[in-house]
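*Asks:* Position 46 (the sequence shown) corresponds to 46 in my numbering; numbering is contiguous.
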Amino acid sequence: MAIVGYARVSSDGQSLDRQTDALEAVKVEKMFTDKLSGKDTKRHGLEAMLEYVREGDTVYIASFDRLARSLSDLLSLVDRMRAQGVRLVSLKESVDTGTPAGKLQLSLFGAIAEFERAIIGERRDEGIASARARGKKFGRPKVDKPDGFDKAVKRWKQGKATAVETFTTLGLSKTMFYKMVRGSR
């Protein structure tokens with residue numbers, strides 16, 4: 001049963017010292033660190049820590065925001081650790097997922113996050129409906145075929161011009177050119 005620490009700062013210019021000092025004070029045996037943004041969970045130190053921990057281990061973090069920036073990422077990481085039989089302790093928030101109170105606190109965080117996602121979805125849908133009712137159109141505007149499109153495509157299909165020459169002459173992007181060609185069959 002190992003006592004593991006994880007610390008993260010967002011950039012190389014920042015120092016891990018405050019976090020590592022706090023983690024060393026609880027006698028962590030193995031420390032994993034990252035100097036990357038917490039916007040996602042694809043971080044070398046975090047992934048190495050998750051691979052390292054085993055059932056019965058405890059992971060200490062200075063605070064939840066050092067583990068994940070979004071509540072959904074945090075809950076996903078906590079669920080993954082729980083499935084591995086790993087306990088998570090946040091020093092700043094005084095939350096220990098190995099205790100009934102800690103489990104309750106995380107369940108409340110999860111319920112609040114789910115509620116917040118639902119409210120955001122409702123607001124988005126109401127905003128879109130309101131905008132459509134006022135005549136707002138969504139998505140890219142339709143691009144009409146340029147003059148001479150059919151003639152240029154015919155030359156290209158006959159091998160008299162390359163695709164690059166054709167879409168460049170027509171003033172189209174490669175993607176738009178091929179979409180229009182598929183649509184004109």
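Just so it is clear, CB atoms sit at the ideal spot from N, CA and C, and this is done for glycine as well.
The structure displayed is predicted, hence computed values, not measured ones.
Going by Cα to Cα distance, which pick from A68, G121, R82, I119 is closest to G102?
*Replies:* The option with the nearest alpha carbon to G102 is R82.
*Asks:* May I have the straight-line CA-CA distance separating V153 from T175, to the nearest angstrom?
*Replies:* Looking at the two C-alpha atoms, the distance is approximately 14 Å.
*Asks:* In this structure, what does DSSP give as the bridge partners for I3?
*Replies:* Bridge partners of I3: T58.
*Asks:* Grouping DSSP H, G and I as helix and E and B as strand, with all else coil, what is T33?
*Replies:* Strand at T33.
*Asks:* Does the distance from the C-beta atom of G38 to that of S15 stay below 9 Å?
*Replies:* For G38 and S15, no; Cβs fall outside 9 Å.
*Asks:* Would you check if the distance between the CB atom of K35 and the CB atom of R8 is smaller than 9 Å?
*Replies:* Contact: yes.
*Asks:* Give the secondary structure of D12 by DSSP, where H, G and I count as helix, E and B as strand, and everything else as coil.
*Replies:* Reduced to three states, the DSSP call for D12 is coil.
*Asks:* Taking the alpha carbon of L50 as the reference point, which residue from V4, S94, L75, S63 has its own alpha carbon closest?
*Replies:* Out of V4, S94, L75, S63, V4 has the C-alpha closest to the C-alpha of L50.
*Asks:* Would you say the stretch 86-104 touches the stretch 42-60, given that touching needs at least three Cβ pairs under 8 Å?
*Replies:* Cβ pair count under 8 Å is three or more, so yes.
*Asks:* State the start and end residues of the unbroken alpha helix (DSSP H) segment that holds Y164.
*Replies:* Note on identity: in this sequence residue 164 is Val, with Tyr being the wrong assignment. Start and end: 163-170.
*Asks:* Taking the CB atoms as reference points, tell me whether L106 and A62 lie closer together than 9 Å.
*Replies:* Against a cut-off of 9 Å, the Cβ pair of A62 and L106 comes out as no contact.
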